[in-house]
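Input: a single structure, listed below in structure tokens.
2 protein chains.
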Amino acid sequence: MVRKPTSKEAARKPNMREAILAAAEELFATNGFNAVSVRDIAQAAGANPGSVTYHFKTKDGLLLEIYRRHCGPMNLRRSELLAAAKRVRDLQDRLEAIVRAYVVPAFTSGSDLAGGGARFTRLRAVMSAEGNEVARKIIAQTFDDTSHAFIDAVHESLPHIPRTDIVWRSHFLLGALYYSLVTPERVSRLSRGEADGSDAACAIEQLVQATVAAFQAPALDQAAPARRRPVVGSKA
Amino acid sequence: MVRKPTSKEAARKPNMREAILAAAEELFATNGFNAVSVRDIAQAAGANPGSVTYHFKTKDGLLLEIYRRHCGPMNLRRSELLAAAKRVRDLQDRLEAIVRAYVVPAFTSGSDLAGGGARFTRLRAVMSAEGNEVARKIIAQTFDDTSHAFIDAVHESLPHIPRTDIVWRSHFLLGALYYSLVTPERVSRLSRGEADGSDAACAIEQLVQATVAAFQAPALDQAAPARRRPVVGSKA
DNA sequence: TGATCTTTTGTACGATAGTACAAATCTCAT
DNA sequence: ATGAGATTTGTACTATCGTACAAAAGATCA
Numbered sequence: 068m069v070r071k072p073t074s075k076e077a078a079r080k081p082n083m084r085e086a087i088l089a090a091a092e093e094l095f096a097t098n099g100f101n102a103v104s105v106r107d108i109a110q111a112a113g114a115n116p117g118s119v120t121y122h123f124k125t126k127d128g129l130l131l132e133i134y135r136r137h138c139g140p141m142n143l144r145r146s147e148l149l150a151a152a153k154r155v156r157d158l159q160d161r162l163e164a165i166v167r168a169y170v171v172p173a174f175t176s177g178s179d180l181a182g183g184g185a186r187f188t189r190l191r192a193v194m195s196a197e198g199n200e201v202a203r204k205i206i207a208q209t210f211d212d213t214s215h216a217f218i219d220a221v222h223e224s225l226p227h228i229p230r231t232d233i234v235w236r237s238h239f240l241l242g243a244l245y246y247s248l249v250t251p252e253r254v255s256r257l258s259r260g261e262a263d264g265s266d267a268a269c270a271i272e273q274l275v276q277a278t279v280a281a282f283q284a285p286a287l288d289q290a291a292p293a294r295r296r297p298v299v300g301s302k303a
Numbered sequence: 068m069v070r071k072p073t074s075k076e077a078a079r080k081p082n083m084r085e086a087i088l089a090a091a092e093e094l095f096a097t098n099g100f101n102a103v104s105v106r107d108i109a110q111a112a113g114a115n116p117g118s119v120t121y122h123f124k125t126k127d128g129l130l131l132e133i134y135r136r137h138c139g140p141m142n143l144r145r146s147e148l149l150a151a152a153k154r155v156r157d158l159q160d161r162l163e164a165i166v167r168a169y170v171v172p173a174f175t176s177g178s179d180l181a182g183g184g185a186r187f188t189r190l191r192a193v194m195s196a197e198g199n200e201v202a203r204k205i206i207a208q209t210f211d212d213t214s215h216a217f218i219d220a221v222h223e224s225l226p227h228i229p230r231t232d233i234v235w236r237s238h239f240l241l242g243a244l245y246y247s248l249v250t251p252e253r254v255s256r257l258s259r260g261e262a263d264g265s266d267a268a269c270a271i272e273q274l275v276q277a278t279v280a281a282f283q284a285p286a287l288d289q290a291a292p293a294r295r296r297p298v299v300g301s302k303a
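Quick look at the structure:
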């Protein structure tokens with residue numbers, strides 16, 4: 068037997084630390100940070116409230132650890148897929164592959180950590196909406212590199228589109244991605260059962276196709292106003 | 068009895084009820100429902116905590132009233148704009164006008180109630196992310212009609228696209244819309260200051276153009292798999 | 001003016017929040 | 001087996017939560 072696993076992990080035994088992380092992830096992702104108490108998490112994990120304090124010190128620390136667990140693997144996966152996508156010859160296919168490299172890791176397991184990236188992405192969406200400070204800091208310093216790499220890659224595929232437009236459109240992509248994971252049932256409801264919002268594969272295909280088309284839209288003239296203003300007179 | 072000065076001319080006198088509503092709207096929209104206490108709201112409105120109970124009975128009641136205040140006017144405005152949009156002759160212009168009819172009221176003041184629809188839309192985004200029950204009920208029964216009318220109108224402009232695809236793409240639109248209002252600073256950051264995420268007019272133009280292009284994307288073959296799978300082998 | 005209704009204030013209560021901490025329990029190399 | 005360190009448990013403390021409620025203050029009209 069090896070020296071000592073000490074504070075690492077023993078996967079062979081029910082690991083309380085992991086159980087707490089998984090429970091917290093699920094609860095935070097569905098109810099938000101503030102609506103979930105440490106006691107809720109402990110109960111869902113079959114643990115004692117004090118155990119959470121022991122492992123993560125504070126509730127913020129718990130959230131921080133969830134991010135730490137997922138950010139690395141997910142960004143790594145995105146980098147790999149992005150690198151592969153950039154090698155695609157055909158321009159149209161390359162753009163699609165780039166978008167896919169961004170979308171797929173968000174939906175599927177980026178690391179098989181506690182059951183998949185979709186839950187973590189949903190968590191990010193919720194934290195972003197709640198304006199959570201802990202999440203905001205981590206996100207900005209962890210995902211901005213990836214986002215820039217993605218934006219640059221798209222821009223290389225579409226050199227005639229201003230970078231500003233690419234930024235906006237990739238922002239829309241992330242919003243659509245988040246919302247698809249937050250309220251999938253709305254898709255089922257509005258399609259009157261014809262579509263399943265929870266079907267990740269379907270969501271990915273729809274999102275990728277729509278996003279590719281959005282990226283390929285003609286550039287916006289920033290100086291000149293829109294070519295016309297058909298109906299709306301927006302005032303405020 | 069007829070009381071003239073109370074509810075009608077109240078604009079010149081500090082109306083506590085309105086002040087509480089405005090403060091709650093702002094705080095909920097930026098911090099989420101659970102992170103904001105009744106005392107926070109009262110303090111921001113310059114009122115007494117008991118006053119909130121008096122006017123709205125419960126915290127949920129306060130949220131409910133915020134929705135009641137905005138849903139009607141915003142949906143009315145959307146209906147008007149949608150009706151006008153449907154009268155546009157040119158097909159491409161009509162689609163754009165339809166999208167604009169959906170987007171503009173969400174960004175600008177739908178009723179000039181307490182300073183604009185953007186704040187209320189941001190509130191809806193946050194409540195949606197938090198899975199707030201009160202909001203979920205109201206949203207489903209208040210906005211689904213509008214959403215269906217919008218989807219139908221888009222579908223009429225693009226008859227060759229399956230309704231399912233339209234539903235997905237309009238879902239993405241709402242997600243992008245929400246996210247633009249929730250974290251506008253991300254656009255500024257990622258564009259390195261070249262774009263201002265808080266510029267509503269700019270956001271509207273970008274969103275409308277991107278969405279029109281997304282709607283016009285070729286239909287997804289639902290039976291057949293994607294024409295290829297360039298890079299990704301998603302497994303989980 | 002005084003009577004009556006509406007609104008605001010101040011305070012308090014029970015529930016629950018996050019977290020600290022000591023005791024109990026478990027793990028494992030020796 | 002045993003002792004040391006790691007983990008879990010149970011409990012308690014303080015702060016804050018939503019809300020109730022009585023008293024004070026303000027408004028309205030005979």
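For the record, the sequence lines run as chains A and B. One gets my numbering by counting positions in the first sequence from 1 and adding 67 to each. One gets my numbering by counting positions in the second sequence from 1 and adding 67 to each. Where a beta carbon is used, it is the ideal one built from N, C-alpha and C, also for glycine. All of these numbers come straight from a predicted model, not from anything done at the bench.
- Here the alpha carbons of E272 of chain A and S146 of chain A stand approximately 20 Å from one another.
- For the region 267–284 of chain B, the set of positions with a beta-carbon nearer than 9 Å to some beta-carbon of chain A reads A267, A268, C269, A270, I271, E272, Q273, L274, V275, Q276, A277, T278, V279, A280, A281, F282, Q283, A284 in chain order.
- Using a Cβ-Cβ cut-off of 8 Å, Y134 of chain B does not count as an interface residue toward chain A, since no Cβ of chain A sits closer than that to its own.
- For the region 204–226 of chain A, residues whose beta-carbon sits nearer than 8 Å to a beta-carbon of chain B comprise A207, D211, S214, H215, I218.
- Counted as a single uninterrupted DSSP element, the alpha helix (DSSP H) harbouring Q273 of chain B occupies residues 267–282.
- Per DSSP, reduced to three states, the secondary structure at K124 of chain B is coil, with no helix or strand assignment.
- For A286 of chain A, the three-state secondary structure derived from DSSP is coil.
- The beta carbon of V279 of chain B lies closer than 6 Å to those of L162, E163, V166 in the same chain, with the five residues before and after it left out.
- Taking one beta carbon from each stretch, the region 107–118 of chain B and the region 78–93 of chain B have 3 or more pairs nearer than 8 Å; the two touch.
- Burial state of R154 of chain A is exposed, judged by a 10 Å Cβ sphere holding fewer than 16 other Cβ atoms.
- Between L244 of chain A and V171 of chain A, the beta carbon gap of about 11 Å keeps them out of contact (Cβ cut-off 8 Å).
- About 11 Å separates the Cβ atoms of C138 of chain B and T188 of chain B, ruling out a contact at the 8 Å cut-off.
- By the Cβ criterion, the region 255–267 of chain A is not in contact with the region 191–204 of chain A, since fewer than three pairs of Cβ atoms, one from each stretch, lie closer than 8 Å.
- A buried status is given to G264 of chain A, since no fewer than 16 other beta-carbon atoms sit within 10 Å of its beta-carbon.
- Residue contact with chain A for T188 of chain B: absent (no Cβ-Cβ distance below 8 Å to any residue of chain A).
- The beta-carbon separation of L190 of chain A and E132 of chain A, rounded to 12 Å, does not stay under the 8 Å limit for a contact.
- Taking a 10 Å sphere around the C-beta of K204 of chain B, we find fewer than 16 other C-beta atoms and assign the residue as exposed.
- For L158 of chain B, the secondary structure class from DSSP, reduced to helix, strand or coil, is helix.
- Only buried fits G242 of chain A, as 16 or more other CB atoms lie within 10 angstroms of its CB.
- For T125 of chain B, the closest Cβ of chain A is not nearer than 8 Å.
- Any Cβ of chain A closer than 8 Å to the Cβ of L158 of chain B would place that residue at the interface, and such an atom is absent.
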